[in-house]
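Have a look at the structure below before the remarks.
There are 2 protein chains.
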Amino acid sequence: MHDILFDFISKYISLTEDEKNAILSLDLFRTVKKGTTLLKEGQKSKDSYFVLKGCIRIYYLIDGEEKTTSFYTEMDALTPHCVINKAPSKYFISCVEDSILTVSNSDMELEINSKFPKFELMCRILSEELLAKQQINFDDFKTSSPEQRYLNLLQNRPDLIQRVPQHQLASYLGIKPQSLSRLRARILEKK
Amino acid sequence: MHDILFDFISKYISLTEDEKNAILSLDLFRTVKKGTTLLKEGQKSKDSYFVLKGCIRIYYLIDGEEKTTSFYTEMDALTPHCVINKAPSKYFISCVEDSILTVSNSDMELEINSKFPKFELMCRILSEELLAKQQINFDDFKTSSPEQRYLNLLQNRPDLIQRVPQHQLASYLGIKPQSLSRLRARILEKK
DNA sequence: CTCACTCGTTCACTTAAGTTAAGAAATGAA
DNA sequence: TTCATTTCTTAACTTAAGTGAACGAGTGAG
Numbered sequence: 001m002h003d004i005l006f007d008f009i010s011k012y013i014s015l016t017e018d019e020k021n022a023i024l025s026l027d028l029f030r031t032v033k034k035g036t037t038l039l040k041e042g043q044k045s046k047d048s049y050f051v052l053k054g055c056i057r058i059y060y061l062i063d064g065e066e067k068t069t070s071f072y073t074e075m076d077a078l079t080p081h082c083v084i085n086k087a088p089s090k091y092f093i094s095c096v097e098d099s100i101l102t103v104s105n106s107d108m109e110l111e112i113n114s115k116f117p118k119f120e121l122m123c124r125i126l127s128e129e130l131l132a133k134q135q136i137n138f139d140d141f142k143t144s145s146p147e148q149r150y151l152n153l154l155q156n157r158p159d160l161i162q163r164v165p166q167h168q169l170a171s172y173l174g175i176k177p178q179s180l181s182r183l184r185a186r187i188l189e190k191k
Numbered sequence: 001m002h003d004i005l006f007d008f009i010s011k012y013i014s015l016t017e018d019e020k021n022a023i024l025s026l027d028l029f030r031t032v033k034k035g036t037t038l039l040k041e042g043q044k045s046k047d048s049y050f051v052l053k054g055c056i057r058i059y060y061l062i063d064g065e066e067k068t069t070s071f072y073t074e075m076d077a078l079t080p081h082c083v084i085n086k087a088p089s090k091y092f093i094s095c096v097e098d099s100i101l102t103v104s105n106s107d108m109e110l111e112i113n114s115k116f117p118k119f120e121l122m123c124r125i126l127s128e129e130l131l132a133k134q135q136i137n138f139d140d141f142k143t144s145s146p147e148q149r150y151l152n153l154l155q156n157r158p159d160l161i162q163r164v165p166q167h168q169l170a171s172y173l174g175i176k177p178q179s180l181s182r183l184r185a186r187i188l189e190k191k
């Protein structure tokens, strides 16, 4: 399990054994049950997550309705906005499946980063990469119809469609569950 | 003009006179005319931008049509995805107004960052902040209708609606220019 | 000044998403 | 297993966005 984390890190920097041990001594690994809420609206958390196995999601509660806006699966890193801007969270984070995560506190990260400048570098590169990826994602979303977005998802993250409830997928695509059902029927007809 | 840049930087780190001079010696400042294309689809640029005055936009050319997906105005920083992942650009960057920018090369940044670790820190914090902001933005987009998105824009970036052509605004809102016209008429009626 | 072109708006029509409701299927707890 | 709940689908109807076309206003090049 640890290897998954180190494989991920090795894409950005190389670690000495000492550094690996420093990370392991932080005791970051957690297993969480499906349905567990990791963060609630209004809370001020300092925790960031990295998904080793499983799936977690961000959702908003708007007019009593859950609106899921993102999914994080294997090898995805998530730092909630409330950690960055120290404001109460606007959203919930919850486990879609039984999952294995690393949970790291921003105080710990500050300490590690100042002790090992290498980590600072990794965090910068990682954030820049995620930002660029997120921008392309957003652009794709803006420039396509719900149907195209579903077909894109089918191409790029086919696993999500299998492992995630339809009504959560729907709001992820920016539409209602009924529209997703209809849209899928329409696509099948065309084939 | 230089002050705008230093004011921005001072939100993240504090600079000595030496460091300020190091930055100034890089000769980053450029004035660009309205309509200038800064980056074309297919190009592999290493340039990042910071807007001191004016407005630049990202747009895609899809089926011969321009789809504008973002605007950058005063105090906005933009590092194109092609700089990050070293791939040909998927989009164009162009000047909406006569503008004053800083243009910095990623090689220069690499050098500066290794010479002054402070900059590395600033870049990390800045990217993390931008990523968090971008996520909230994307979430808002997903969870609202075109009409709500227009009303949000009216709240959060009212200047954009004045300074940017309607058809560019439309694709920024994820709709067609005709729909934006109609939607605005609808809102006026309601009042 | 004139002509061509772009831009924003309007209209009629088409298409697809939102809404409300109902029912079947799957899930989970007692 | 049973019962309640959640999830997904379908349907009928409403609403809003997409499409194609036309028009006037504004802009820029010659």
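For the record, the sequence lines run as chains A and B. Mind the numbering: the first sequence is residues 1 to 191 in full-length UniProt numbering, read in order. Mind the numbering: the second sequence is residues 1 to 191 in full-length UniProt numbering, read in order. Backbone N, C-alpha and C fix where the C-beta goes; we use that ideal spot for every residue, glycine too. Values in this document were obtained by computation on a predicted structure and should not be read as measured data.
Asked: Buried/exposed call for residue 2 of chain A, threshold 16 Cβ in 10 Å; Found: exposed
Asked: Of the residues A/95, A/159, A/175, A/122, the one placed nearest residue 139 of chain B, counting alpha carbons only; Found: A/175
Asked: Whether residue 38 of chain B touches residue 93 of chain B by CB criterion (8 Å); Found: yes
Asked: Inter-residue spacing [alpha-carbon to alpha-carbon] between residue 33 of chain A and residue 96 of chain A; Found: 9 Å
Asked: Among B/158, B/57, B/7, B/12, nearest to residue 129 of chain B - alpha-carbon criterion; Found: B/12
Asked: Residue range of the unbroken beta strand (DSSP E) whose run includes residue 50 of chain B; Found: 47-53
Asked: Opening and closing residue of the alpha helix (DSSP H) in which residue 130 of chain B lies; Found: 117-142
Asked: Simplified DSSP state of residue 198 of chain B, which is helix, strand or coil; Found: Here chain B comprises residues numbered 1 to 191, so residue 198 of chain B is not present and cannot be evaluated.
Asked: Cut-off 6 Å between Cβ atoms - residues of its own chain near residue 120 of chain B, not counting five sequence neighbours on either side; Found: 113
Asked: Residue 7 of chain B, buried or exposed, once every other Cβ within 10 Å from all chains shown has been counted against 16; Found: exposed
Asked: Exposure label - residue 170 of chain B; buried when at least 16 CB within 10 Å; Found: buried
Asked: Contacting positions in the region 105-137 of chain A - beta carbon closer than 7 Å to chain B; Found: 117, 120, 121, 123, 124, 127, 128, 129, 130, 131, 132, 134, 135, 136
Asked: Below-8 Å beta-carbon distance, residue 64 of chain B vs any chain A residue; Found: no
Asked: Backbone CA spacing between residue 154 of chain A and residue 153 of chain B [nearest angstrom]; Found: 31 Å
Asked: Beta-carbon proximity list for residue 89 of chain B, same chain, < 8 Å, skipping 5 on both sides; Found: 39, 40, 41, 42, 43, 44, 45, 80, 81, 82
Asked: For residue 87 of chain B, the three-state DSSP class (helix, strand or coil); Found: coil
Asked: Proximal chain B residues relative to residue 60 of chain A, where beta-carbon distance stays under 8 Å; Found: 139, 143
Asked: Contact list for residue 79 of chain B against chain A, beta-carbon separation under 9 Å; Found: 128, 131, 132
Asked: Residues sharing a beta bridge with residue 99 of chain A, DSSP; Found: A/32
Asked: Check whether residue 150 of chain A and residue 188 of chain A have beta carbons under 8 Å apart; Found: no
Asked: CB contact below 8 Å: residue 9 of chain A versus chain B; Found: no
Asked: Residue 5 of chain A: first and last residue of the uninterrupted alpha helix (DSSP H) it sits in; Found: 2-10
Asked: Where the region 17-28 of chain B meets chain A: residues whose CB sits under 7 Å from a CB there; Found: none
Asked: Of the listed residues A/160, A/51, A/67, nearest to residue 29 of chain A (C-alpha basis); Found: A/51
Asked: Below-8 Å beta-carbon distance, residue 152 of chain A vs any chain B residue; Found: no
Asked: Residue closest to residue 111 of chain B, alpha-carbon to alpha-carbon, out of B/16, B/23, B/10; Found: B/23
Asked: Min CB distance residue 174 of chain A to chain B below 8 Å; Found: yes
Asked: Cut-off 6 Å between Cβ atoms - residues of its own chain near residue 104 of chain B, not counting five sequence neighbours on either side; Found: 28, 48
Asked: Beta carbon proximity, residue 84 of chain B to chain A, threshold 8 Å; Found: yes
Asked: Spatial neighbours of residue 161 of chain B in its chain, beta-carbon cut-off 7 Å, leaving aside the 5 residues before and after; Found: 153, 154, 169
Asked: Sub-8 Å separation of residue 77 of chain B and residue 126 of chain B beta-carbons; Found: yes
Asked: Reduced DSSP secondary structure (H/G/I, E/B, other) of residue 74 of chain A; Found: coil
Asked: 8 Å Cβ cutoff, residue 67 of chain B in contact with chain A; Found: yes
Asked: Rounded C-alpha distance that separates residue 75 of chain A from residue 53 of chain A; Found: 8 Å
Asked: Which of helix, strand or coil DSSP assigns to residue 14 of chain B; Found: coil
Asked: Environment of residue 87 of chain B [buried if 16+ CB atoms lie within 10 Å]; Found: exposed
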